Amino acid sequence: MDINLNDLLRRYKSHPFEDYKLETPHTGIISFKVEDGQPVKGPSGKWLHKPGTLLYVLEREKNPKRIYAPCSGEVVHVRTELDGQFVEAGEELLSIRHRLDKDEIIDRILTQVLFIFGAPQRARFFLIPEMATKIERKSSGSICVAPGDEILIMSLMKRDTMIAYAGEPGVIYKVYFKSGDLVEQGAPLLGICSPEKLPYINKVIQRIKTEWED
Amino acid sequence: MSEDCVLIANRGEIAIRIMNACNELGLGYVVVYTREDEASFHVELAREQRGAGAVYRISSYKDPNEIFSVADRANATAIHPGYGFFSENFRFARRAALRSRPLTFIGPRWEVIRDLGSKINTKRVAKSLGIPVIPGSDSPIYNEMDAEALAEELFFMQKEQGIKHPSILVKASAGGGGMGIEEVNHLDTFKRVYRRIQNYAKRQFGDEGDLIEQCLTDYQHLEVQLLCSRHGEVVHFGTRNCTIQSTGRQKRVEAAPGFDPQLYDYPFDASKVLERMVKYSVRLAKHVGYDNVGTWEWVVTRDGSPYLLEVNTRIQVENEISAAISRIKGHQGPVNLIKEQIRSALGEKLGFKQKDVSFEGTSIELRIVAEDVKRGFSPWCGTISRFDFPEEPWARLYTHVPRGRPYSIPTEYDPNLALAIIWGRNTEEAKERAKAFISACNIQGEDSQGRAIVTNLDYLYERLEDVLRF
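Keeping their order, the protein sequence lines are chains A and B.
Take the position in the first sequence, starting the count at 1, then add 9; the result is the number in our numbering.
Take the position in the second sequence, starting the count at 1, then add 72; the result is the number in our numbering.
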């Protein structure tokens with residue numbers, strides 16, 4: 010599928026932000042360490058081993074859990090009224106207005122170019138061990154799949170089901186989930202590119218790299 | 073007791089049954105739920121009965137820190153674990169009892185859960201009390217020569233008994249839920265299977281110990297329901313038959329009492345077998361100082377031999393069929409075993425003795441599940457738009473599926489929809505009523521592709537013919 014790259018790039022340039030909503034991972038007493046408008050940094054280092062800015066501390070059963078910014082940006086919508094309070098799991102706390110970088114723009118635009126194999130159900134997904142090993146060793150861009158190949162395990166209602174790939178044959182260009190992630194129905198699992206489309210994809214990537222400035 | 077507040081650390085219909093029991097006892101309660109269960113009826117009902125402050129969203133039912141954190145926040149004094157999750161976790165029960173702000177664990181003492189939670193230990197203690205257990209090892213075997221010698225003995229013993237196709241099971245002793253079990257049909261293949269299971273057990277559980285036991289193929293699965301107190305009282309509520317199961321050993325239709333010799337001929341004296349099972353169960357309970365509800369699981373072979381399988385140190389899903397046929401001091405109407413369990417855990421005396429308990433009729437439980445029985449009982453997921461059941465004086469229904477609004481079955485849990493408890497003056501009537509109940513059920517819904525809901529109602533109807541038959 011060809012896309013109007015100019016339009017897409019213009020749209021992203023006019024608003025190159027995405028808001029990441031942060032929720033409490035579990036219950037506990039919260040104390041915020043940031044305020045509205047404060048710039049924060051995401052994890053850094055070769056293996057992303059250096060944590061980002063400390064956002065808040067959540068204390069449960071006398072164990073403080075320090076929560077750091079998962080990405081860089083500006084803190085917005087901090088719910089200061091919750092400071093010092095007991096909060097439930099999944100409570101919205103703040104957002105980080107994150108400026109998309111070149112790689113993220115490429116990722117987003119590619120979802121409109123690649124064949125997307127989406128989650129058939131809301132479930133947890135795993136790559137079959139052989140596929141996971143292959144991807145780890147080779148990188149996804151060189152692994153081919155064809156319709157009927159059983160490449161995923163869907164864990165649903167305490168049962169594991171093998172999922173066969175259905176779609177155009179091609180190489181796995183992008184894996185959109187981490188092993189064991191809970192993926193919403195229809196959300197992308199894999200981005201597949203047919204061999205004949207590869208030059209076009211590369212052209213798109215090259216174009217974005219040239220035109221997008223971080 | 074009325075000042076106690078119970079944290080219900082479970083979901084679905086059992087949460088609702090515990091809420092009902094707390095209401096009947098005049099106890100306060102709080103419930104927890106996960107995001108996936110936001111639309112569950114147990115959440116709606118708790119908000120309605122106790123207000124928004126009695127309902128807490130947690131990250132997981134399996135995170136003990138979440139449960140204890142909410143218990144403190146809500147000033148709960150006791151935790152009811154229901155079944156599954158923490159119900160048989162002695163570490164959880166111990167933590168509840170020993171923390172700086174102790175909580176009453178509604179279940180047996182943690183020491184009892186620990187001791188009976190191990191199948192090997194249960195078997196060893198049972199054996200020492202003269203209670204029959206499935207022939208085989210009563211401790212993990214690590215030595216191949218010992219294992220082979222025992223296997224040889226088990227094959228020989230079965231041949232002596234005239235069993236045409238003897239077989240044994242090799243089980244990873246640290247395993248559970250059907251994992252790490254293989255059948256051996258011939259002694260020649262034993263060594264290979266033993267080594268395979270040993271390697272598997274080492275890999276999966278970090279303990280290569282194996283159990284070896286005779287493989288029973290023609291048997292009925294029975295249970296004995298006990299209720300004990302912190303004051304040394306032990307009372308039984310008869311037996312149940314749980315033989316009708318789906319693949320993966322999931323119970324689907326249960327009946328109480330365990331056999332009906334008035335309706336069916338058994339190749340043994342069924343009343344005597346049931347009596348023996350009850351007697352043995354009570355013997356073990358007294359020996360270990362059992363002090364809450366519990367289920368003693370048995371298998372009965374075609375020659376009428378009962379063998380103790382294990383003890384479930386918790387309330388069972390199917391407890392209510394035992395309750396439905398029980399009368400205390402001649403009172404009409406069923407017993408509420410969950411209520412009795414809570415009273416017992418909070419330190420009350422039972423207030424009745426074995427001689428005060430009588431039995432009346434037959435009760436059948438139907439587990440209504442969204443599953444495709446023709447495709448290996450695979451779970452169905454989608455949205456339920458209509459959920460109608462007949463209202464009858466002889467039937468009770470427990471469900472977390474709300475009525476009057478669409479409900480999407482959460483994909484994180486089992487697709488269990490409801491439990492129906494049917495009572496009849498005798499087995500035939502109970503079966504007829506169960507059939508009438510199923511026929512009057514109306515469950516509608518569709519999946520994301522617009523295909524109609526699949527349930528096991530037809531399967532349950534068909535299997536009613538097999539209830540209590542050997």
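We put the CB at the ideal spot given by N, CA and C, even for glycine.
Quantities reported herein were computed from a predicted structural model and do not represent experimental measurements.
For the C-beta of A/F126, not a single chain B residue is nearer than 9 Å; the gap to the nearest is close to 16 Å. Assignment of B/D282 by DSSP, reduced to helix, strand and coil, places it in the strand class. Relative to the Cα of B/I410, the nearest Cα in the group B/R386, B/G156 and B/F424 belongs to B/R386.
For B/E225, the closest C-alpha among the options B/F277, B/R264 and B/P238 is that of B/P238. Within the same chain, Cβ atoms closer than 7 Å to the Cβ of B/L259 are found at A223, E224 and F227, the five residues on either side in sequence being excluded.
Buried is the label assigned to B/R312, since at least 16 other Cβ atoms lie within 10 Å of its Cβ.
In this structure, DSSP gives A/C202 an extended state, which the three-state scheme calls strand. Beta-carbon to beta-carbon, A/G82 and A/R108 are separated by about 6 Å, close enough to satisfy the 8 Å threshold. Contact between the region 171 to 184 of chain B and the region 428 to 438 of chain B is absent: fewer than three C-beta pairs spanning the two stretches fall below 8 Å. Nearest CB-CB separation between B/I130 and chain A: below the 8 Å threshold.
For B/R523, there is no enclosing beta strand (DSSP E), since its DSSP letter is neither H nor E.
Separation of B/R355 and B/L201 (C-alpha to C-alpha, rounded to the nearest whole angstrom) is 8 Å.
Annotation: A/P208 to A/Q215 spans about 10 Å, alpha carbon to alpha carbon. Among the bridge pairs identified by DSSP, B/I240 is matched with B/V256 and B/Q286. Excluding sequence positions up to five before and after B/D460, its CB lies within less than 6 Å of the CB of N514, all in the same chain and listed in chain order. Under DSSP, B/R312 takes part in a beta bridge, and its partners are B/E295. In this chain, the beta strand (DSSP E) harbouring A/L165 covers E159 to L165. DSSP, read as helix, strand or coil, puts B/E443 in strand.
The Cβ atoms of A/V96 and A/F41 do not sit closer than 8 Å to each other. In summary, the residues of the region 29 to 47 of chain A whose CB is separated from some CB of chain B by less than 8 Å are P34, H35, T36 and G37, in the order they occur in the chain.
Chain-ordered listing is empty here: chain B has no CB closer than 9 Å to the CB of A/L198, the nearest sitting near 15 Å. Take the alpha-carbon of B/A342 and the one of B/D375: they are about 11 Å apart. Secondary structure note for A/T33: it is in no alpha helix (DSSP H), with a DSSP letter that is neither H nor E. Contact note: B/P487 reaches chain A through M166, using a C-beta cutoff of 7 Å and chain order. Looking at the DSSP output, B/G496 bridges to B/T434.
For B/S394, the enclosing alpha helix (DSSP H) starts and ends at N391 to A396. When the alpha-carbon of A/P52 is set against those of A/L161, A/L102 and A/L64, the nearest one is in A/L64.
Interface flag for B/F177 against chain A is unset, since no Cβ pair is found closer than 8 Å. In its chain, beyond the 5 residues on either side, I39, L67, V96, E97, A98, G99, E100 and L102 have a beta carbon closer than 8 Å to the beta carbon of A/T33. Comparing alpha carbon positions, the residue from B/E463, B/G454 and B/I481 closest to B/A506 is B/E463. In this model, A/S203 and B/R458 are separated by some 44 Å (Cα to Cα).
Within chain B, the residues whose beta carbon sits less than 7 Å from that of A/A132 are T483, listed in sequence order. B/G234 counts as exposed, since fewer than 16 other beta carbons sit within 10 angstroms of its beta carbon. Counted as a single uninterrupted DSSP element, the alpha helix (DSSP H) harbouring B/W182 occupies residues W182 to G189. A contact is defined here as three or more CB-CB pairs under 8 Å, and the region 179 to 186 of chain B meets this definition with respect to the region 360 to 367 of chain B.
Between B/F309 and B/S398, the C-beta spacing is below 8 Å.
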